[in-house]
Amino acid sequence: MKSEFLHRIFVLFFLVTLGIGMLHSQNSYLLTGKVLDAATREPLMNAAILVTPLQIGTISDASGKFELQLPKGQMELQVSFLGYKAVKENINLTKNLSITILLQPNVVEMEGVTISSEKPDQNVTSIQSGTVQLDAKEIAQLPTLMGEPDLINSFRTLPGVQGVGEGNPGLYVRGGDAGQNLMLLDQMPLYNPSHLLGFFPVFSTDIIQNAKLIKGAIPANYGGKTSSVMDISMKEGDFYRFSGNGSVGILSSDLTIETPTQKGKGSLVISGRRTYLEGIKSLSDLIISDSKNFFNQTNYYFYDASLKWVYVLTPKTRLTIATFGGQDKYSLTDGEFEVTNQMDWINWVGSVGIKHTFNENLTANFTSGFSQYQFGIDAGFEAYQFHLFSGVRDYYHRLDFTQKLNHGMLLKYGASFTRHQLTPSKVTGEVEEVSINNINRYYSNEGSIYFQGDVKASENLSLSAGIRPTYYQHVGPYSHYTRDASGLLTDSLTYAENELIEDFFSLDPNLSCVYLLNPQASVKASASLSHQFIHLASVGTVSLPTDIWMPSTQFIKPQKVGLATVGYFRNFLDNQFETSFELYYKYLDNQIDFLNGLLDNFDNTKIEQNIVHGVGQAFGAEIFIKKQYGPLTGWMSYTLSRTLRKFDNINNGYWYPAKYDRVHDFSVTMNYQLNDRWNLSALWVYATGNAMTLPAGRYIIQGNVVNDYTDVNSFRMPAYHRLDLSATRQLKKKEHWESDLVLSVYNVYNRANPYFIYFRVKGDIDHYYLSVNPRQISLFPILPAITLNFKFY
Amino acid sequence: MTMKYLNLLAFSIILLSSCVEPNFEVEDYQSQIVIDGWIEQGKYPQILLTLSAPYFSEIDSVSLRNYSLTRAKVSVSNGETTEVLTLKPNDAYFPPYMYVGTSLKGEVGKSYTLTVEYAGVKAIATTTIPEPVSIDSLWFALDQGKDSLGYIWIQFTDKPSRKNYYRTLTQIRNTDSKYIPNYFPNWNDDYFDGQKVEISLFKGNKTSTNKTDQVYYQVGDTISLKFTAIDKASYDFWNSFQKEILNSGNPFASTNARVQTNVTNGLGIWCGYGSSYYQVIAR
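As you go down the protein sequences, you meet chains A and B in turn. First residue of the first sequence? That's 8 in this note's numbering, and the numbers climb one at a time after it. First residue of the second sequence? That's 145 in this note's numbering, and the numbers climb one at a time after it.
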């Protein structure tokens with residue numbers, strides 16, 4: 008009986024809504040449209056649409072789309088976008104209308120123009136300092152590594168964003184570690200995406216529409232990580248035309264196909280990529296002698312693929328299904344030092360989403376998805392053999408609203424829920440016939456709601472403020488031992504599935520503001536407090552992507568990070584040059600580290616009982632200069648910074664530099680359109696070497712050699728610097744076919760940048776002989792490559 | 145036209161960046177007194193003294209001997225009496241000289257302070273001799289699938305409501321010139337407090353630079369077992385020492401943890417052993 012009553016209420020509600028809708032639509036109609044580049048059919052974001060004589064306007068979104076609720080009748084639509092010829096169209100609105108506007112590039116005005124997805128004065132006017140946005144065209148013009156533009160590596164050329172060097176694709180943003188970056192691909196979180204130790208781009212840029220990096224105060228709609236957000240949008244296919252593009256290189260090939268699934272209603276983008284090491288091997292044989300050739304002893308391949316399907320269910324509702332996944336397999340043998348190493352990484356994310364536009368002021372998005380990451384190592388070093396498996400699996404749901412209010416106010420609010428399953432380590436091993444078997448698995452729930460508002464407080468002052476409360480629980484199944492003060496075992500507890508073990512509540516506020524001094528200059532400041540419940544713990548001193556993800560438990564507290572920034576932003580020569588000078592200070596609490604390393608689990612203790620907590624401080628000054636227009640474009644960034652840590656059990660409780668403390672970090676990237684056929688680009692990076700702990704002395708106990716270490720991380724590896732060059736030649740355009748040839752050289756002057764340094768002790772005390780050899784291993788020597796890029800339509 | 149030229153120039157400047165050869169810079173290292181000493185109940189104290197050497201120094205027979213410390217003033221005190229120890233040659237150890245006592249013997253439950261004076265530095269360490277724990281039974285058992293190789297097994301009862309630390313060493317007659325610690329010789333009663341415990345002991349390596357592949361004892365060996373109780377400071381040293389030996393040179397290991405020491409103004413260990421001796425023949 009109750010269900011029938013509810014059913015009646017629902018039908019009534021539905022009818023009422025429909026009725027109101029019908030009433031409403033009698034006097035005005037919905038005009039939806041898409042602004043595209045006439046030649047490539049690529050959507051143009053932030054194109055200006057103005058309806059006269061009504062003087063109602065809007066700008067196109069990331070997929071080139073716009074919507075306007077307009078009254079019935081005759082009107083003129085003016086669509087314009089920088090670098091393109093403006094278009095005027097007359098329309099007579101008598102019903103809901105959907106149009107496509109194609110804009111022709113304005114070739115005559117400027118040569119080699121870089122179309123930016125940002126407004127020309129974004130550097131000065133945007134509220135969020137520390138946010139950089141790149142669209143598909145800009146990404147394609149990035150310095151190419153082995154013929155492929157690399158999005159994540161390009162972020163490294165920005166101030167405040169540092170990489171470790173080769174071997175680890177992690178980004179260190181303003182003193183935060185690699186685990187504090189939220190990387191989203193169409194809102195799907197990616198945990199440790201990388202290919203060949205960061206050498207290959209994480210994704211083919213052919214599938215990327217645009218990418219945004221936030222390194223300042225993180226807006227409340229993002230949560231879970233404390234240092235940065237990389238919000239990357241996958242390309243949506245054209246609803247009308249079929250096209251494809253791809254590249255063939257000596258190292259890898261990829262292909263992307265875009266096709267409408269029902270003309271005007273849906274589109275599908277499918278992409279795939281694979282690499283083959285044979286190319287590297289034969290090339291390296293020509294250049295490097297066998298004994299120094301790292302590649303002689305390695306075997307490697309990876310593949311990745313993606314799919315995105317967008318379908319318009321109704322003019323106001325669209326469905327999106329997206330997925331991305333890949334696998335890397337890598338092996339290394341060094342016979343001389345008896346090292347064998349086999350690693351594989353698997354990433355897989357997927358989501359289903361529905362976006363509904365209630366009206367021109369309110370949109371909602373509901374998404375459900377999952378993210379999976381795992382890696383496995385099979386390693387051997389002399390008599391040690393060990394196998395390590397580590398993985399993360401997330402299931403999430405989120406609901407997001409974007410609402411425009413009066414006076415240009417923008418409000419974003421919503422909720423999200425994630426279920427985490429982590430297996431930080433499953434270690435099995437043999438050390439001289441002693442075997443170890445240790446499995447750690449954790450389950451947790453994380454739920455948040457958020458509010459973020461952007462408001463123009465006065466003519467010159469704009470603010471963005473938000474809050475994000477989060478509730479986190481660690482739940483069973485789980486078991487552990489409890490001890491009393493003197494360390495005696497007193498109890499062992501087992502928790503059932505979903506039984507609450509520990510919970511935490513956090514509140515993340517953020518505030519950013521921009522004060523316009525004049526149209527060419529502004530001052531920006533921000534402050535934020537953020538928490539993180541899933542942590543990346545470093546394993547060992549070697550910079551391998553073998554760090555593991557750990558949840559917060561009763562032994563591991565949530566990280567707490569406070570950030571304050573202030574900066575001066577100035578554009579020159581009518582926005583041709585963007586410059587900024589920014590200072591930041593970050594305080595990090597509840598940072599974790601392993602005291603004894605992962606291999607200490609011989610006595611079967613839980614990982615979290617090996618973890619120690621400490622604090623960190625990071626501060627720095629960033630200088631950035633960018634030239635946006637002209638045949639020569641590019642940017643230069645310099646960061647002067649320190650990143651320090653303090654743990655009671657490490658370095659006797661004194662402050663010490665973090666492993667990735669890079670005092671100087673400098674990079675300059677240039678792109679030069681020589682003529683309409685040739686394009687050249689160059690990249691030069693310089694960074695202070697990584698910090699490491701070096702044994703200062705040696706002594707002998709019971710006939711065994713023991714190392715006497717200096718202060719933690721007091722030794723600096725040699726500085727890292729490298730030059731990359733590439734040249735692109737446009738080949739003859741044919742009907743339905745375009746192609747270009749890219750010649751690129753990585754590490755032009757063949758610098759042996761140290762990857763890791765370790766020490767081999769040889770000798771025999773009984774025969775009174777002992778010698779120590781430092782061994783520096785460098786990863787990538789000079790590497791030339793040729794790639795053919797093509798496009799068909 | 146000029147613009148284009150300037151652009152090309154800017155481009156070529158980048159091209160002419162110079163190459164630099166990497167090299168290491170190591171600071172001056174200050175040698176420290178290293179103590180490798182022990183005292184047992186009913187026995188005289190025995191101490192090996194060396195100096196620590198800079199890491200990159202290559203060592204041969206001449207320079208290695210330079211690191212043995214033979215001119216220090218070494219004394220042991222039990223709180224009431226102090227004895228200055230004498231240097232005696234002993235080929236079984238490195239360095240082949242040992243400071244030994246001749247009058248003061250170790251006693252269960254007592255504390256002993258060691259003082260080493262050399263070149264104006266006074267290195268001091270204190271240790272205690274805990275009460276020895278006796279083994280209920282011990283035997284040799286072949287490992288699965290092996291016909292002549294196996295382990296020594298011991299069974300003992302841990303004392304409840306007290307933190308106990310153990311260290312085991314074995315000496316194979318006619319093979320070993322002294323007691324050698326087992327592979328994983330250190331135990332604490334975290335997982336077996338107050339309980340009856342059965343553990344297997346693996347044969348240890350003589351030195352870390354001369355690793356043999358054998359952790360087994362062989363049928364026919366006559367093995368003397370020294371089963372000792374040690375205090376917390378000694379256990380912390382031996383446990384961290386063992387980790388360092390195992391992990392040294394392994395790029396997957398962390399170097400955050402250091403070898404501990406219970407010596408002030410020096411490095412190393414001054415260890416009190418509450419020992420029980422046993423013998424087993426592998427059959």
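By construction, the Cβ of each residue, glycine as well, lies at the ideal position given by its N, Cα and C atoms.
**Request:** With a floor of 3 residues, list each beta strand (DSSP E) that falls wholly inside the region 299 to 367 of chain B, ordered by position along the chain.
**Result:** If we require 3 residues or more, the beta strand (DSSP E) runs fully inside the region 299 to 367 of chain B come out as 309 to 316, 324 to 332 and 340 to 345.
**Item:** Proximity of serine 451/A and glutamate 202/B at Cβ, strictly below 9 Å
**Value:** When the beta-carbon positions are compared, serine 451/A and glutamate 202/B stay at least 9 Å from each other.
**Buried versus exposed, by CB contacts within 10 Å (16 or more), leucine 429/A** = By the C-beta density criterion, leucine 429/A is buried, having at least 16 other C-beta atoms within 10 angstroms.
**Prompt:** CA-CA distance, alanine 726/A and threonine 646/A?
**Reply:** A straight-line Cα-Cα distance of about 15 Å links alanine 726/A and threonine 646/A.
**Request:** Let me know if aspartate 515/A comes out buried or exposed under the rule of 16 or more other beta-carbons within 10 Å of its beta-carbon.
**Result:** Its Cβ being crowded by 16 or more others within 10 Å, aspartate 515/A is buried.
**Message:** If we define contact as Cβ-Cβ less than 9 Å, is glycine 710/A a contact residue for chain B?
**Reply:** Interface residue, yes.
**Asked** From serine 268/B to threonine 214/B, what does the alpha carbon distance come to, in whole angstroms?
**Response** The sequence as given places isoleucine at residue 268/B; serine does not occur at that position. About 17 Å.
**Asked** Which whole runs of the beta strand (DSSP E) in the region 225 to 254 of chain B are 3 residues long or more, in chain order?
**Response** If we require 3 residues or more, the beta strand (DSSP E) runs fully inside the region 225 to 254 of chain B come out as 226 to 228, 230 to 233 and 241 to 244.
**Request:** Just list the beta strand (DSSP E) runs in the region 587 to 661 of chain A, keeping only unbroken ones of 3 residues or longer that don't cross its boundaries, in chain order.
**Result:** Along the length of the region 587 to 661 of chain A, whole beta strand (DSSP E) runs at least 3 residues long occupy 618 to 634 and 639 to 654, reported in chain order.
**CA nearest to the CA of tryptophan 556/A, picked from Tyr663/A, Gln62/A and Leu197/A** = Residue Leu197/A is the option with its Cα nearest to tryptophan 556/A.
**Message:** I need the straight-line Cα distance from methionine 237/A to phenylalanine 210/A, nearest angstrom please.
**Reply:** Cα to Cα, methionine 237/A sits roughly 13 Å from phenylalanine 210/A.
**Request:** Decide yes or no for the touch test of the region 521 to 536 of chain A against the region 577 to 585 of chain A: beta carbon pairs closer than 8 Å, at least 3 of them.
**Result:** Under the three-pair Cβ rule at 8 Å, the region 521 to 536 of chain A counts as touching the region 577 to 585 of chain A.
**Message:** I'd like the span of the alpha helix (DSSP H) that includes threonine 132/A, first residue to last.
**Reply:** First-last of the alpha helix (DSSP H) with threonine 132/A: 129 to 132.
**Asked** Along the chain, where does the beta strand (DSSP E) that runs through isoleucine 437/B open and close?
**Response** The question about residue 437/B has no answer here: the residues shown for chain B are numbered 145 through 427.
**Request:** Could you check which residue in Pro761/A, His414/A and Leu326/A has the C-alpha nearest to that of asparagine 372/A?
**Result:** Leu326/A is the residue among Pro761/A, His414/A and Leu326/A whose C-alpha sits nearest the C-alpha of asparagine 372/A.
**Message:** Measuring only the C-alpha atoms, how far is serine 378/B from isoleucine 183/B?
**Reply:** The alpha-carbon of serine 378/B is positioned some 12 Å away from that of isoleucine 183/B.
**Request:** Could you work out which residues of chain A lie near isoleucine 389/B, taking near to mean beta carbons separated by less than 7 Å?
**Result:** Within chain A, the residues near isoleucine 389/B are Asn711.
**Minimum length 3: unbroken beta strand (DSSP E) runs contained in the region 159 to 186 of chain A** = If we require 3 residues or more, the beta strand (DSSP E) runs fully inside the region 159 to 186 of chain A come out as 168 to 170 and 178 to 180.
**Item:** DSSP state of threonine 65/A mapped onto helix, strand, coil
**Value:** For threonine 65/A, the secondary structure class from DSSP, reduced to helix, strand or coil, is strand.
**Three-pair Cβ contact test at 8 Å for the region 204 to 212 of chain B versus the region 257 to 277 of chain B** = The region 204 to 212 of chain B vs the region 257 to 277 of chain B: no contact.
**Request:** Using a Cβ cut-off of 9 Å (strictly closer), state whether isoleucine 555/A contacts chain B.
**Result:** Among the residues facing chain B, isoleucine 555/A is not included, as its CB has no counterpart in that chain under 9 Å away.
**Request:** Would you check if the distance between the CB atom of tyrosine 457/A and the CB atom of glycine 421/A is smaller than 9 Å?
**Result:** Cβ distance < 9 Å, so tyrosine 457/A and glycine 421/A count as in contact.
**Request:** Measuring only between beta-carbons, confirm whether asparagine 801/A sits less than 9 Å from chain B.
**Result:** Past the edges of chain A, shown from 8 to 800, lies residue 801/A, and the structure says nothing about it.
**serine 207/B - containing beta strand (DSSP E), residue span** = That residue, serine 207/B, is in no beta strand (DSSP E); its alpha helix (DSSP H) goes 205 to 210.
**Request:** Helix, strand or coil for isoleucine 380/A, going by three-state DSSP, please let me know.
**Result:** The sequence given here places tyrosine at residue 380/A; isoleucine does not occur at that position. In the displayed model, tyrosine 380/A falls within a strand according to three-state DSSP.
**Asked** Does the region 402 to 416 of chain B come within contact of the region 372 to 391 of chain B, defined as at least 3 CB pairs closer than 8 Å?
**Response** Between the region 402 to 416 of chain B and the region 372 to 391 of chain B there are three or more inter-stretch CB-CB distances shorter than 8 Å, so the stretches are counted as touching.
**Request:** Run down chain A in chain order and give the residues with a C-beta less than 7 Å from the C-beta of phenylalanine 385/B.
**Result:** For phenylalanine 385/B, the neighbours in chain A by C-beta distance under 7 Å run, in chain order, Ile708 and Val713.
**Asked** Under the three-state reduction of DSSP, which class applies to isoleucine 389/B: helix, strand or coil?
**Response** When DSSP states are grouped into helix, strand and coil, isoleucine 389/B belongs to the helix group.
**For histidine 404/A and valine 317/A, the rounded distance between their alpha carbons** = If I take the Cα positions, the gap works out to 19 Å.
**Message:** Using a Cβ-Cβ distance cut-off of 9 Å, determine whether tyrosine 776/A contacts chain B.
**Reply:** Taking 9 Å as the CB threshold, tyrosine 776/A lines the interface with chain B.
**Prompt:** Between glutamine 299/B and chain A, is there a C-beta pair that is closer than 9 Å?
**Reply:** By this cut-off, glutamine 299/B is not an interface position.
**Request:** Could you check what DSSP says for glycine 271/A in three-state terms: helix, strand or coil?
**Result:** In the three-state reduction of the DSSP assignment, glycine 271/A falls in the coil class, being assigned neither a helical nor a strand state.
**Request:** Would you check if there are 3 or more beta carbon pairs closer than 8 Å linking the region 469 to 484 of chain A to the region 498 to 512 of chain A?
**Result:** As far as the Cβ criterion goes, the region 469 to 484 of chain A touches the region 498 to 512 of chain A, which means the pair count is three or higher.
**Message:** Please tell me whether arginine 684/A has its Cβ less than 9 Å away from any Cβ of chain B.
**Reply:** No, because no Cβ of chain B sits closer than 9 Å to the Cβ of arginine 684/A.
**Prompt:** For glutamate 585/A, which residues from the same chain have a beta carbon less than 6 Å from its beta carbon, with the 5 sequence-adjacent residues on both sides left out?
**Reply:** If the five residues before and after glutamate 585/A are omitted, its C-beta is found closer than 6 Å to the C-beta atoms of Asn130, Asn578 and Lys633, all from its own chain and listed in chain order.
**Asked** How long is the line joining the alpha carbons of serine 123/A and alanine 759/A, rounded to whole angstroms?
**Response** Interpretation of serine 123/A is limited by its pLDDT of 43, a score under 50 that renders its predicted location unreliable; the figure taken from the coordinates is listed afterwards. Across the structure, serine 123/A and alanine 759/A are spaced so that their CA atoms are roughly 36 Å apart.
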